[in-house]
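Using this note's numbering, the letters of the sequence shown map in sequence onto residues 33 to 304.
Virtual Cβ for every residue (Gly too), placed ideally from N, Cα, C.
Note that this is a predicted model, so its numbers are computed, not measured.
These notes are about the structure you will find just below.
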Amino acid sequence: MVVGAIKTLILGADGMLGSDLCQVFPDAIPFTHGDLDITNREDVIRFIREITPDVVINAAAYTNVDGCEDERELAFQVNGEAPGYIAEACSYIGATLVHFSTDYVFDGSKKEYVESDATNPINAYGESKLLGEQEIVRHMDDYRIIRISWLFGMNGRNFVDTMLRLSGEMDTVKVVNDQFGKPTYTADLARKTQEIIDLEHGIYHVTNDGVCSWYEFASAVIDNVVPCSSDDFPTRAKRPTYSVLTNTKTTPMRHWREAVLEYLKEGQNLIL
Ligand SMILES: NC(=O)c1ccc[n+]([C@@H]2O[C@H](COP(=O)([O-])OP(=O)(O)OC[C@H]3O[C@@H](n4cnc5c(N)ncnc54)[C@H](OP(=O)(O)O)[C@@H]3O)[C@@H](O)[C@H]2O)c1
């Protein structure tokens, strides 16, 4: 598919990933939460049928992992039911749907997960996102479900920025060293999304290359960090020990360390 010749609709366009998708797809129609609440089935179907895009990219979601434990119903509506409404509409007009899911659909008992591995979420966010995957598969064939992990990007609250802030506020920052995953730069992911649209339908695992713990991730950003255990930081939602997504379907992206360096440099340029 040639970008520019196709009509693309981006949902969640002002989110962290959505903002970078808008850069990569400059001709796309950007929809924010204010433009369309994806939990309103009637509106979703009406808007998509009126606009008749060739491709819908859904980057809208309820992404606060601990918040999902407290607001289960809302989480299941936004992350679970709504992707089904979008899929229904896409199927009706023959559009391709690109949707983003998460490493948290797995329980973390394996050291790494390929696309075909069995899912078994251990928190409400993961359960709601898994329902979203299932609803899409139930309604249509022409989907790309892209599972991703540990996002950082210029346009949203993220771990790198939190570390930079805490580093200035504290003598030492304690960060857990017993949860492992793959950090992913939203600018790289947005470019990869463009490539995946042209591949066959199915589930994809896409991350930057390289595995690390949150502590190792933090160490790439700040100097005054010390390792600790998850027991030192109880959270409302349980997190998998290993949420390492292995990509078996597309070419690998660059190492996360390289991506973090670029992100830090970009941030510096914005401040100067
Ligand atoms: N961040 C991560 O580390 C991570 C990891 C794995 C997977 N993912 C997945 O990656 C995708 C993008 O994540 P992100 O971090 O870019 O998310 P984000 O920054 O939180 O953006 C999510 C967007 O969805 C919008 N939204 C929420 N509820 C909506 C509704 N009912 N109707 C329409 N729009 C709604 C939000 O708008 P408002 O803010 O105005 O409500 C926001 O613009 C999501 O599918 C997420 O589950 C993220």
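Beta-carbon gap between residue i and residue j smaller than 9 Å
{"i": "cysteine 260", "j": "asparagine 187", "result": "no"}
{"i": "cysteine 122", "j": "aspartate 174", "result": "yes"}
{"i": "leucine 129", "j": "valine 87", "result": "yes"}
{"i": "glutamate 167", "j": "proline 115", "result": "yes"}
{"i": "leucine 183", "j": "tyrosine 217", "result": "yes"}
{"i": "arginine 189", "j": "methionine 48", "result": "yes"}
{"i": "serine 119", "j": "methionine 202", "result": "Per the sequence shown, residue 119 should be read as alanine rather than serine. No, Cβ-Cβ distance for alanine 119 and methionine 202 is not below 9 Å."}
{"i": "glutamate 144", "j": "phenylalanine 108", "result": "no"}
{"i": "isoleucine 61", "j": "isoleucine 38", "result": "no"}
{"i": "threonine 40", "j": "proline 85", "result": "yes"}
Close Cβ partners of residue i (< 8 Å) along its chain, the five nearest in sequence each way excluded
{"i": "alanine 269", "result": "Val97, Asp98, Cys100, Glu101, Asn155, Ala156 and Tyr157"}
{"i": "aspartate 255", "result": "Ser199"}
{"i": "tyrosine 265", "result": "Position check: residue 265 holds phenylalanine in this sequence, whereas tyrosine was assumed. Closer than 8 Å at Cβ, skipping near neighbours: Lys206 and Val208."}
{"i": "glycine 36", "result": "Confidence is the limiting factor: at glycine 36 the pLDDT is only 49, short of 50, which leaves the residue's position unreliable, though a coordinate-based value still follows. Closer than 8 Å at the Cβ level, and outside the excluded window around glycine 36, lie Asp59."}
{"i": "glutamate 248", "result": "Asn209"}
{"i": "leucine 68", "result": "Leu43, Asp75, Val76 and Phe79"}
{"i": "aspartate 149", "result": "Phe138 and Lys142"}
{"i": "glutamine 300", "result": "none"}
Contact belief for residue i with residue j at Cβ below 8 Å, rounded distance in angstroms
{"i": "tyrosine 117", "j": "valine 76", "result": "4 Å"}
{"i": "glutamate 227", "j": "threonine 282", "result": "7 Å"}
{"i": "threonine 225", "j": "isoleucine 89", "result": "7 Å"}
{"i": "threonine 64", "j": "alanine 91", "result": "No, threonine 64 and alanine 91 are not in contact; Cβ-Cβ is about 11 Å, not under 8 Å."}
{"i": "valine 253", "j": "valine 192", "result": "5 Å"}
Where residue i falls, given that 16 or more other Cβ within 10 Å makes a residue buried
{"i": "glutamine 211", "result": "buried"}
{"i": "leucine 53", "result": "buried"}
{"i": "leucine 304", "result": "Any reading at leucine 304 must be qualified, since the residue scores a pLDDT of 49, below 50, and its modelled position is unreliable; the value itself is stated next. Leucine 304 comes out exposed."}
{"i": "glycine 126", "result": "exposed"}
{"i": "leucine 293", "result": "exposed"}
{"i": "leucine 231", "result": "exposed"}
{"i": "alanine 93", "result": "buried"}
{"i": "threonine 280", "result": "exposed"}
{"i": "threonine 95", "result": "buried"}
{"i": "glycine 185", "result": "buried"}
{"i": "glycine 66", "result": "exposed"}
Sequence-distant residues of the same chain with beta carbon closer than 6 Å to residue i, five excluded per side
{"i": "isoleucine 178", "result": "Phe132, Tyr236 and Val238"}
{"i": "glycine 140", "result": "Pro272, Thr273, Tyr274 and Ser275"}
{"i": "glycine 164", "result": "Asn111, Gly112 and Pro115"}
{"i": "valine 258", "result": "Thr204 and Lys206"}
{"i": "valine 56", "result": "Ala222, Arg223 and Gln226"}
{"i": "arginine 73", "result": "Tyr117"}
{"i": "valine 250", "result": "It should be pointed out that residue 250 corresponds to alanine in this sequence rather than to valine. So the qualifying residues of the chain are Met195, Val207 and Val257."}
{"i": "arginine 104", "result": "Ala156"}
{"i": "serine 51", "result": "Asn187"}
{"i": "glutamate 298", "result": "none"}
Sequence-distant residues of its chain with Cβ nearer than 7 Å to residue i (five each side left out)
{"i": "asparagine 240", "result": "Lys214, Pro215, Thr216, Tyr217, Asp220, Met285, Arg286, His287, Trp288 and Ala291"}
{"i": "leucine 162", "result": "Val137, Thr151 and Pro153"}
{"i": "arginine 81", "result": "Ala121, Tyr124 and Ile125"}
{"i": "isoleucine 229", "result": "Met33, Val87, Thr128, Val130 and Arg176"}
{"i": "tyrosine 335", "result": "There is simply no residue 335 to check, as the chain begins at 33 and stops at 304 in what is shown."}
{"i": "leucine 106", "result": "Tyr94"}
{"i": "threonine 267", "result": "Asp98"}
{"i": "histidine 233", "result": "Asp173, Asp174, Tyr175 and Arg176"}
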